[in-house]
Amino acid sequence: MKIGLVGLAGSGKTTVFNTMTGMDVPVGFGGELKLGVVRVPDQRIDELSGIFSPRKTTYAEMSFCDIPDEHGAEKKGLSPRGLQQIRDQEALCLVLRDFVNPAIEGDPDPAADLEASHTECVFADLEIGERRLERAKKERAEPLEVAAFELMKATLEDIASHFQTPVMRRSNWRAPTRIAMTPDELMDAYRDDKENIQEGYKYRTIDRLDVYKLASTVYYADADYTRFNDQDEIIFQGRSLYYFTNESGSWKMFAMWPVERD
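The number in our numbering is simply the position in the sequence shown, starting from 1, with 1 added.
Below you can see the structure in the form of structure tokens.
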């Protein structure tokens, strides 16, 4: 697995990289992408190797990539080059600064840095969608294809603005919990939910809504709802809990849990 260590400039990515790989890469801003490979110890492999005595024992490996940010200490945001390197990874580990860095002005604010990184990734996805849409129009693609890109762009703009990743969710109250770590994963989950919704679904109504305060910046809404088809017939009745936070200055959902309706 190829894991990319990402984050804003001065967040400590290289320190984490050195800790995970045992390397001694100099810390600082900028530089080139650094790669370190770590063998994953596995007692089961040791036992099997002792039984069968193979010529070579091969362990699983994890590759860690320290993705540099090209910006100087006075700036925030993911660089275009860094975003491209991020797309090459199989998994991401976001490093947030919660310590005083003399090279960076101001106190650490990991919540704000999380929001900034999330926003940069959303903008990057939107840029891709806009380019694909522009190309489809220029090449006079089929109207259905153009409409699909327009819907994708509008949907991403609308949905991403209401969520704060990572988002914890379940497709139904019996399903296991899934975590959408990135806007792309959130979009995949949204498409999956749309494809697996009750056949004939047209609209829904809210039958009950109660709001509860958990902390100064955390609330949750408990809602009963009913889904109807285009004949105004009930096809499903459910209940969900929606959790919201206001840590970044605007209310955004970070978890949604379908639960059994009373």
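Just so it is clear, CB atoms sit at the ideal spot from N, CA and C, and this is done for glycine as well. All values reported here derive from a predicted model rather than from experimental measurement.
In the DSSP assignment, find the alpha helix (DSSP H) that holds residue i and state where it starts and stops.
i	result
Ile46	Gln44 to Phe53
Val17	Lys14 to Thr22
Going by DSSP, what residues sit across from residue i in a beta bridge?
i	result
Pro259	Ser241
Val7	Leu95
Val168	Ala181
Lys139	Beta-bridge pairing links Lys139 to no other residue.
Cys122	Its beta-bridge partners do not exist; DSSP assigns none.
Phe65	Ile4 and Gly37
Do you know how far the Cα of residue j is from the Cα of residue i?
i	j	result
Phe53	Val41	20 Å
Ser241	Tyr220	14 Å
Leu6	Gly32	14 Å
Val101	Asp223	40 Å
Trp258	Glu186	17 Å
Glu75	Thr218	Because Glu75 sits at a pLDDT of 41, beneath the cut-off of 50, its placement in the model cannot be relied upon, and the point is left open.
Pro103	Gly29	12 Å
Ile207	Arg136	41 Å
Ala92	Glu234	44 Å
Tyr202	Glu106	52 Å
Asn247	Lys35	36 Å
Thr16	Gln44	28 Å
Gly23	Tyr204	55 Å
Gly78	Arg132	Since pLDDT at Gly78 reaches only 49, below the 50 mark, its modelled position is unreliable, and the value read off the structure follows with that caveat. Whole-angstrom Cα-Cα distance: 21 Å.
Arg88	Asp263	44 Å
Asn19	Gly8	15 Å
Gly239	Val26	53 Å
Within 10 angstroms of its Cβ, does residue i collect 16 or more other Cβ (buried), or is it exposed?
i	result
Asp108	exposed
Asp70	buried
Ala256	buried
Phe245	buried
Ser118	buried
Lys57	exposed
Ser251	exposed
Ile68	buried
Leu210	exposed
Gly51	exposed
Lys253	buried
Leu134	buried
Leu215	exposed
Phe237	exposed
Asp114	buried
Val168	buried
On the DSSP letters alone, give me the boundaries of the beta strand (DSSP E) that residue i sits inside.
i	result
Thr58	Taken as a continuous stretch (DSSP letters only), Thr58 belongs to no beta strand (DSSP E), as it is neither H nor E.
Phe229	Val219 to Asn230
Ala181	Arg179 to Ala181
Arg205	Tyr202 to Ala216
Gly107	First-last for Gly107: undefined, no H or E at that position.
Gly37	Lys35 to Arg40
Cβ contact (3+ pairs, closer than 8 Å) linking the stretch 90-105 and the stretch 5-14: At 8 Å Cβ cutoff, the stretches touch.
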